[in-house]
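Reading through the C-alpha cells given below for one structure.
Residue numbers (the working numbering): 3 to 137.
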C-alpha cells in the first residue's frame, strides 16, 4: 500500500498513514457543506490505529458526538470524527499531498445536494449515509 500524506494550507499540520482507506466518498450534507464552505466535501476514511496527525490541531464539536478538526494557525479543515464511527477518522480529501490518491466510491446525503449542482458520474448516490438507506 502506498503511503498517503496530507497537510493544511500553511503546512503546520501534517498527517500520514500507510493503511488502505476504509472508504472514500463525497458528502453533500448541509453541515459538511457549511463547515467547509464548499458545495460538497470529499472524505477518505482511515482506521485511527494507523493514522498519525502532527501539529497544532484545534477541534470544534459541531453536533453532539461529532468533532471537526482544523489547523489552529490557518484554519484549514482537516478531519471529521464521530462517536458513530469511533475507530476511524474521515480526512478531508483536499488535504492530500497527491490528489490522485482520492478515488471516491459513492456520493452520500445526495438528497441534500445543492440544487444547482449537476454531476454526471456513475458513482452510487445515497440519500443518507450508506447503510442508512439505499440509493
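Even glycine gets a Cβ: it sits at the ideal position worked out from N, Cα and C.
Small disclaimer: the values here were computed from a predicted structure and weren't measured.
- Rounded to whole angstroms, residue 87 and residue 31 show a C-alpha spacing of 17 Å.
- In the DSSP annotation of this structure, the continuous segment of the beta strand (DSSP E) that includes residue 84 starts and ends at 79-84.
- Distance check between residue 35 and each of 128, 115 and 130 places 115 closest, using alpha-carbon atoms only.
- The alpha-carbon of residue 25 is positioned some 13 Å away from that of residue 125.
- Following the DSSP letters along the chain, one finds residue 9 inside the beta strand (DSSP E) bounded by residues 6-9.
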